[in-house]
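The numbering of the sequence shown is our numbering, which starts it at 414 and goes up by one.
Have a look at the structure below, then the notes.
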Amino acid sequence: MEKSKHKLLSVREDSRLLTQALRYGAAAFLGFAADYLTLLLLKETFGLHYLFAVPLAFLGGLVLRLPVEQVVMLIAIEEVFKATLGYFRFRSRKWLNRLVDSPVPGDALPENELEAAQPSDLI
């Protein structure tokens, strides 16, 4: 009877593999959950990560076969793009909302409220 060339996994090795699979699976899940939560919190850039950085990483890593450092630099270009969009969003002042109806001291009143305002309201 000839012995098989392949060794069967022992119980100890099998449990070690299961432990490693669970450990790495949990780490991958937590990383995905953290990334997804970040995207939900940053609604202004929702989807921008997957529309811009992931295709750049795929192009640089798998198509162009660039080194890891250059792929990371390609992904960092996304931050410049988001900062530019954020700058123009900030300058547009569309995000600025008045939360109270009473005038803020030193704040200019709109034209229609200026006529009805008493002199004590303008101070």
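From the three backbone atoms N, C-alpha and C, an ideal C-beta is built for every residue, glycine too.
It should be emphasised that the depicted structure is a prediction, and the values quoted were computed from it without experimental measurement.
Does the distance from the C-beta atom of Leu487 to that of Gly473 stay below 7 Å? Translated into positions along the sequence shown, residue 487 becomes position 74. Translated into positions along the sequence shown, residue 473 becomes position 60. Cβ distance < 7 Å, so Leu487 and Gly473 count as in contact.
I need the boundaries of the alpha helix (DSSP H) containing Gly499, first residue and last residue. Within the sequence shown, the letter at position 86 stands for residue 499. Its alpha helix (DSSP H) spans residues Val481 to Ser505.
If I follow the unbroken alpha helix (DSSP H) through Phe471, where does it start and stop? Working through the sequence shown from its first residue, we reach residue 471 at position 58. Phe471 -> alpha helix (DSSP H) spans Val467 to Phe471.
How would you call Val484, buried or exposed, if buried means at least 16 neighbouring beta carbons within 10 angstroms? By one-based count along the sequence shown, residue 484 stands at place 71. Val484 comes out buried.
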